[in-house]
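Take a look at the structure below.
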Amino acid sequence: SFSSQTLTNSDVRKKRVELFEKEQQRQLNLVTRVEKIQVKHVGVPENCTLIMNKHLSTPYNCAMHIQELLTTRSALALVNGQPWDMHRPLVEDCELKFLHFEDEDPRILNNAFWKTCSFILGHVLETAFQDKYYVELCSFPPPNVSSGSFVYDADLKVGDWTFSQTELNCLSRIGLRLSYENLKFQRLEIPVSLAQEMFSDNRFKSQQIPSIAEKSRSGSSVTVYRLGDHVDMSSGPMISSSSQIGRFSVCAIHKIESDSFGKLHRVQGLALPTQLLLHSWTYDTILRPRAAKLNHGPMPQLKAPRPTEQQLIQ
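Per full-length UniProt numbering, the very first residue in the sequence shown carries number 1; after that it's consecutive.
Right under this line is the structure:
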């Protein structure tokens, strides 16, 4: 029932948040008795073992028990060696390490940071035009730090409008405002049927859901994230909080064309973690112009779901 005349971004966003909250509560209600798990923390200030609650306690909760600095500085956790969101409940006895932006090997965290920034770009695009244009987010390519920019491809429905530097600066400020709000990233795995309901008003995302679900561990779920009043699909992981983003710039909006989805806008940005200090001159004179050049990351493509056994037999 797609009609850009009747839909507004604010209505659609409100619906997604309501569905997210309802499902989050439903999943919480499934935890009927509290089971204890052993969490072995490895790292500063000291190695220690915590007794936490299965399906309820998160790495963030563990950090609160160890040292306050860990709660603000840690952007991501490693649980049994696997990247794990700070606010994602732990499900078994595990080894826990915390990652921050000045670690010796920042690759895992850089990827999560850029993925997070693409997610925030989606937030900016859905809210920037109030309800004048019905913006449909399409998707963002996997983060490629060496490309110099993070990306979100979307149908902005603004026709041939070319964005001035002043307008790009306005978009940047919306993203930057989120960093002052210290909002946490919440992750939820939801059934396909709920994902279809949540994104029924987005013609791109509703088409992508079957192939996304197929890649999930269960083969039938979709991972969504919430930040404040914004909900979007992403496999994650994301960083802990919007306050960990120190600088955020929307650098360019290019017109692109995708075989699967037609004409779109490729919105490109640049950001820095709060923890990393960089001279303004370097950021503005070297990094921003580079981030404005067309990012040649893969175009959004609709992947056909794998054929079922029945189809293969036929």
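Idealized CB from N, CA, C, for every residue including glycine.
In the displayed model, V39 falls within a strand according to three-state DSSP. Beta-bridge partners assigned by DSSP to E257: K263. Its chain contains H254 as the residues whose beta carbon lies nearer than 6 Å to that of L294, once the 5 sequence neighbours on both sides are disregarded; these appear in chain order. In the DSSP annotation of this structure, the continuous segment of the alpha helix (DSSP H) that includes T116 starts and ends at R107 to A128. For L227, no alpha helix (DSSP H) run applies; the uninterrupted beta strand (DSSP E) run containing it begins and ends at S221 to L227, by DSSP. When secondary structure is reduced to three states using DSSP, K54 falls in the coil class, being assigned neither helix nor strand. The residue from C48, V34 and E46 with its alpha-carbon nearest to that of K54 is V34. Counting along the chain, the unbroken beta strand (DSSP E) around D155 starts and ends at F150 to D155. Inter-residue distance for R73 and Q275 is about 8 Å (C-alpha atoms, whole angstroms). In this structure, D85 lies near P237, with their beta-carbon atoms less than 8 Å apart.
The beta carbons of L183 and L227 sit closer together than 8 Å. Secondary structure of P59 (DSSP, three-state): helix.
N47 has its alpha-carbon roughly 43 Å from the corresponding atom of K14.
With contacts defined by Cβ atoms closer than 8 Å, S242 and E197 do not form a contacting pair.
When rounded, the separation of the alpha-carbon atoms in S10 and I174 is 16 Å.
The Cβ atoms of F185 and I239 sit closer than 8 Å to each other.
Under the Cβ criterion (8 Å, minimum of three pairs), the segment 147 to 154 does not count as touching the segment 215 to 230.
Exclusion of the five residues before and after P141 leaves V151, G297 and P298 as the residues of its chain whose Cβ lies within less than 7 Å of its Cβ. Sixteen is the threshold: when 16 or more other Cβ atoms of the shown chains lie within 10 Å of the Cβ of E136, as they do, the residue is buried. Counting along the chain, the unbroken beta strand (DSSP E) around V79 starts and ends at L76 to V79. Annotated three-state conformation of E95 is strand, per DSSP.
Residue pairing by DSSP puts E136 in a beta bridge opposite D155. Approximately 6 Å separates the beta-carbon atoms of A154 and V267; this is inside 8 Å, confirming the contact. One thing to note: I190 has its Cβ within 8 Å of the Cβ of S221.
For Q82, the enclosing beta strand (DSSP E) stretches over residues Q82 to W84.
The Cβ-Cβ distance between E92 and V42 does not fall below 8 Å.
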